[in-house]
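Going by our numbering, the first residue of the sequence shown is number 3, and it counts up by one from there. Yeah, the Cβ is synthetic: ideal placement off N, Cα and C, and Gly gets one too.
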Amino acid sequence: MPPKKFTLGFIGAGRAGTGLASGFARAGVSVVAIASRKIASARRLAKRVRGARACAPQEVVDRADIVFLTVPDDAIEGLASSLRWRKGAACVHCSGAADLDVLQKAVADGALAGGFHPLHMFGEAGEPPGALAGCAIALAGPDALVEKLARLARVLDAKPLRLPEGGRALYHAAANFSAAFVIALVRETIVLWGKLGIAEADALAALLPLLRGTADNVEKLGAAGGLGSAIARGDAGTIRRHLDVLAREAPDSFELYRILSLRTIPIALAKGTLKPEAAKEITALLEKSILKSVD
């Protein structure tokens with residue numbers, strides 16, 4: 003059942019604001035006010051959210067019980083400090099990295115401060131129904147507010163995750179390894195395959211099934227169990243050939259390959275397919291290779 007005892011407002015009508023406001027509205031939660039840096043953006047989102055009104059940021063604060071600040075991280079503190087907050091209302095940012103001290107003006111005015119960060123990559127055109135199902139949402143704030151935010155997360159079929167105080171920056175930095183940096187690594191493959199004359203569209207068509215299969219293996223078998231690679235097999239000869247070709251043809255990728263390979267060795271050992279002696283051989287090969295790359 004959707005929470006009906008409080009109303010929501012959004013300041014920021016970008017990807018996150020659009021996805022969350024639309025998702026809550028579809029779930030029957032009352033979204034009453036929307037503001038954005040450009041009034042046209044607020045109006046566009048308000049048309050998609052039944053009962054919502056496009057207005058100025060202060061009016062959002064005046065009308066809603068819980069106000070979500072869905073703006074870039076660097077804008078959160080300045081925005082929160084520019085508004086007059088009602089006692090007992092809630093000011094909630096959606097940053098993964100920022101702690102609650104950026105909302106100190108709201109707290110000084112008597113409002114509650116909270117965090118609500120979906121561990122999700124919002125799309126350009128908004129989110130389809132159920133897009134946040136199963137998604138973790140990192141919460142922060144006093145117990146009474148976190149309880150409400152957890153209810154809101156469950157309305158989206160998401161999983162509330164409460165982080166320890168001061169832990170948001172580490173949580174968010176770590177998440178990049180499984181999201182933005184994955185894209186960086188996909189791009190690395192596209193660039194290297196481009197040297198072989200493979201077009202980006204063809205590379206993506208080949209890589210996406212591999213990415214999906216990798217994610218499926220991790221889901222079924224865990225991080226170690228889902229690993230498959232020359233390192234997992236203990237194939238030092240293949241790794242040597244990889245290092246040789248990268249040193250010759252893609253030196254900018256050499257060190258990245260070496261570091262990631264070293265990080266993969268403990269995972270392969272945990273899986274049990276890489277034997278200790280083979281791990282020592284591969285480690286020595288990778289550590290020796292950095293000396294060659296420096297010379």
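Here the C-alpha atom of Gly19 lies approximately 21 Å from the C-alpha atom of Ala113. Here Leu105 is buried, its C-beta having at least 16 other C-beta atoms within 10 Å.
Restricting attention to beta strand (DSSP E) runs no shorter than 3 residues, the region 12-65 encloses them at 33-37, ordered along the chain. Distance from the Cα of His95 is smallest, within the candidate group Leu141, Lys273, Arg65 and Val51, for Leu141. Looking only at Glu283, Leu262 and Pro131, the smallest Cα-Cα distance to Phe183 is reached by Leu262. Spatial neighbours of Gly136 in its own chain (CB-CB distance under 8 Å, excluding positions within 5 residues in sequence) are listed in chain order as Asp159, Ala160 and Lys161. In this structure, DSSP gives Ile269 a helical state, which the three-state scheme calls helix.
In this model, Pro211 and Gly230 are separated by some 15 Å (Cα to Cα). Counting C-beta pairs closer than 8 Å gives three or more between the region 65-72 and the region 28-41, which meets the contact rule. Annotated three-state conformation of Lys161 is strand, per DSSP. Residue state for Gly117 is assigned as strand, using DSSP reduced to three classes. Per the Cβ contact rule, the region 37-45 is not in contact with the region 173-182 (fewer than 3 Cβ pairs under 8 Å). Under the 10 Å beta carbon count, Thr72 is surrounded by 16 or more other beta carbons and is classified as buried. The three-state secondary structure of His95, taken from DSSP, is strand.
Inter-segment contact for the region 229-243 and the region 272-279 is present: three or more beta-carbon pairs are separated by less than 8 Å. Just so you know, the alpha carbons of Pro120 and Glu279 end up roughly 43 Å apart. Taken through DSSP and simplified to helix, strand or coil, Phe183 comes out as helix. In the three-state scheme derived from DSSP, where H, G and I count as helix and E and B as strand, Leu276 is classed as coil. When secondary structure is reduced to three states using DSSP, Val69 falls in the strand class. Under the three-state reduction of DSSP, Ala140 is assigned to strand. Looking only at Phe8, Phe124, Gly53 and Asp103, the smallest Cα-Cα distance to Arg28 is reached by Gly53.
The Cβ-Cβ distance between Gly14 and Ala133 does not fall below 9 Å. Counting only unbroken stretches of 3 or more residues, no beta strand (DSSP E) element lies wholly within the region 207-263. Restricting attention to Asp75, Arg189, Ala186 and Gly30, the CA atom closest to the CA of Arg153 is found in Gly30.
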